[in-house]
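Plus 1392 on top of the position in the sequence shown (first one is 1) and you've got our numbering. For each residue, glycine too, the CB sits at the ideal point set by N, CA and C.
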Amino acid sequence: MRNARRMLPYCGVALVNIFSTLLPVWPMRYELLARWLPKTLIQGAQFTTLGVGVTMLVLAAPVSGGHLKAARLLMVCAGVAVVANILKGLDIEEAFINGILLATLWHGRRRFHSLPLRYTPVDAARLALALLAFLWLYNLAGVTLLRGLRSIMDGGADAVVPLDRVIHILTAKLQLEHLWFHESQLILPVFLLLIFLLFSWRAVMPASRSSDDVSDLYARFGRASRNSLAYLAQRADVLRFVDPQAGGAITYRQIGRIAVQIGAILGPPERRGQIYRAFLDFCHSRNLIPSAAAITADEREVVRACGMHTINIGTEAIVDLSGFRVEQLSKKMRWVQRSLSRRGYAISLQKASTIRRSLQAALYGIDKEWRAARGGRSHGCCMTLGRFPTFNDSECLIAVASDDGGVPVAYLTLLPGGEGYYSLDLTRRLQRAPNAIIEFLLLEVLCELARRGVSKVSLNFSTLSWLSSVRGLRRVMAVAGKTIQLGSLEAFNSKFKPAWEPRYLVFPSWYYLPDVAYAILALEGVDQMLANALARRFRSLPARVPPAVDFKSVLRGKSA
């Protein structure tokens, strides 16, 4: 009830903007304004005010619920409305009302907080397209009606008895509203109010509640999956769905009303269909849209049997260690191994639970330098653990490359995906390390894992790799690859002669594909990647890197 009372003033200001657009302008003010401004600018301000009013109606519910981003957007709308109301007809009263709303929101900005919204920018774009289509049809109907009346009158008005009354009803306000005829009827505000009621009442999502089961999902269900993404169930930011009857689980992240599966379908292969159907029922009961970012070919058959749609989103590089030989690699890769070995570089491979604190501090220093050179943040969610393995991640492996003085210069982490199956996760290096240090490190790790009896290792996932084979899209891939490393990952993977296995995007229908795509891009932090890429491109000075950590003194410290 409190939220409803808070929503009333927001809706009231929005309706003021809408109706001030639809009602006739003050003639004296308009004549004064038209002397200084072109009519196109005045009409543009009219449409801007209308659009802002509709947007404010949509934002009213989440702002009343305390959503921070919605409140910021509403403040922007109020500021735009102040200017637009002045430009469209010197409507000082409406501008003053919007100014009061802006000041009120700014004064109480600390009471807003983050809440998940049911809709996303994709829904807002869909609403905008619907409004544009309606306005186009409305204008078309008005023009057609006027032309029809003109044709009837030219053919003889006396032939139709009620024609005079029909013309009077349809054109009674035409002289007063000659500039705004197409948006002056009652249908438009009624339509906008219906859109508001259908679209905005349930804008704020109820807080998502994960399963009460806090056990180790990978230990219970993941080892049977033999999937490179199975260990992502251990991410700290995922929500859990556990089906005790089927003996499996699915972890997911929520963006708006999109539930994006993170990781594999955890459970025995013969029960995956039952597990996934239970997950779909769970999503439908919460009014969520189920989806997945990168499932395997085996999982694809399961989800398609449940009525979901899939498209190829890229390929995963899988190295079969049973037939892996260094001699089969390129001459350059063999040279890298020989050259760095002669220079004294060596690797060590150990479990995360056995890492000494002094070595862990050195690896954190490498990670800190790596992040600083890339905007201070790392991105990714659907294909990475998102953190450095801790003591509790006893099955994770950490490989460290050290120089001839025993100082760490690079490292990588490997996540378990089942018995004899590992997946490459993080790769970090110092800027002063040799350029091919990661290739050397991974090559030595593959050889060591083969000696330990590991069967397969999954390397990086190459997103949209199939687009490079389409002639018209090669240039697009080349440009995009410089920003988000599409082509470079595929080129890196190819050095190890892997087998390429497809991964698939999952969505319930083609209507929801834009929503699912937006949710995945938001989870992967593509917007931040683009911002960091632009910052690096236009930055005149090199990226600031923190002073190099004195790893030797760190390693001399006490062991954990």
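Going by DSSP, R1820 is part of the beta strand (DSSP E) stretching over 1813-1821. Look at Q1646 here: in three-state DSSP terms it is strand. Annotation: G1436 is outside any beta strand (DSSP E); the continuous alpha helix (DSSP H) that includes it extends over 1431-1456. Counting C-beta pairs with one atom in each stretch, the region 1401-1410 and the region 1442-1460 have three or more that are closer than 8 Å, which means they touch. G1534 has its alpha-carbon roughly 14 Å from the corresponding atom of S1543. Per DSSP, the beta-bridge partners of R1632 are T1643.
The beta carbon of P1890 lies closer than 7 Å to those of A1709, I1710, V1711, L1851 in the same chain, with the five residues before and after it left out. Here T1440 is buried. Its C-beta has 16 or more other C-beta atoms within 10 Å.
When secondary structure is reduced to three states using DSSP, A1651 falls in the strand class. Secondary structure note for Y1803: its beta strand (DSSP E) is the uninterrupted segment 1800-1810. With a cutoff of 7 Å on beta-carbon distance, P1906 and V1652 are scored as not near each other. Note: A1473 is not bridge-paired with any residue in the DSSP secondary-structure output. The DSSP-derived three-state label of A1709 is strand.
Contiguous alpha helix (DSSP H) elements confined to the region 1655-1689 occur at 1664-1677, taking only those with 4 or more residues. Proximity to R1502 across L1460, D1483, I1489, A1470 peaks at L1460, based on C-alpha coordinates. Cβ contact annotation for I1478 (same chain, cutoff 6 Å, sequence separation greater than five): A1487, in chain order.
Along the region 1702-1753, the alpha helix (DSSP H) occurs as fully enclosed runs of 4 or more residues at 1723-1734, listed in sequence order. For A1516, the secondary structure class from DSSP, reduced to helix, strand or coil, is helix. DSSP, reduced to helix, strand and coil, places R1779 outside both helices and strands of the structure shown, so it counts as coil.
Taken through DSSP and simplified to helix, strand or coil, S1850 comes out as strand. Contact annotation, G1659 with I1667: C-beta distance approximately 5 Å; criterion of less than 8 Å satisfied. Counting the other CB atoms within 10 Å of its CB gives M1700 a total of 16 or more, which places it among the buried residues.
Pairing E1836 with I1739 gives a Cβ-Cβ distance under 7 Å. A1625 is a Cβ neighbour of G1614, given a cutoff of 7 Å.
R1645 and Y1813 have their C-alpha atoms roughly 25 Å apart. A distance below 7 Å between beta-carbons, with the five flanking residues on each side excluded, links A1437 to the following residues of its chain, in chain order: A1476, L1479, K1480. A check of alpha carbon separations from D1795 across L1806, L1807, D1817, I1830 identifies I1830 as the nearest. By the CB criterion at 7 Å, I1747 and L1822 fall outside the cutoff. Using a 10 angstroms sphere on the CB of M1420, the tally of other CB atoms stays under 16, which defines it as exposed. Under the three-state reduction of DSSP, E1486 is assigned to helix. Counting along the chain, Y1904 sits inside no beta strand (DSSP E), nor does DSSP assign it H or E at all. In the same chain as T1643, and ignoring 5 residues on each side of it, the C-beta atoms closer than 6 Å to its own belong to A1625, V1630, R1632, I1654, G1655, in chain order. With contacts defined by Cβ atoms closer than 7 Å, L1807 and Y1623 form a contacting pair.
P1894 is positioned such that its CB atom lies closer than 7 Å to that of N1704. Rounded to the nearest angstrom, the gap between the Cα atoms of Y1903 and L1482 is 42 Å. If you draw a straight line from the Cα of T1702 to the Cα of G1665, it is about 16 Å long.
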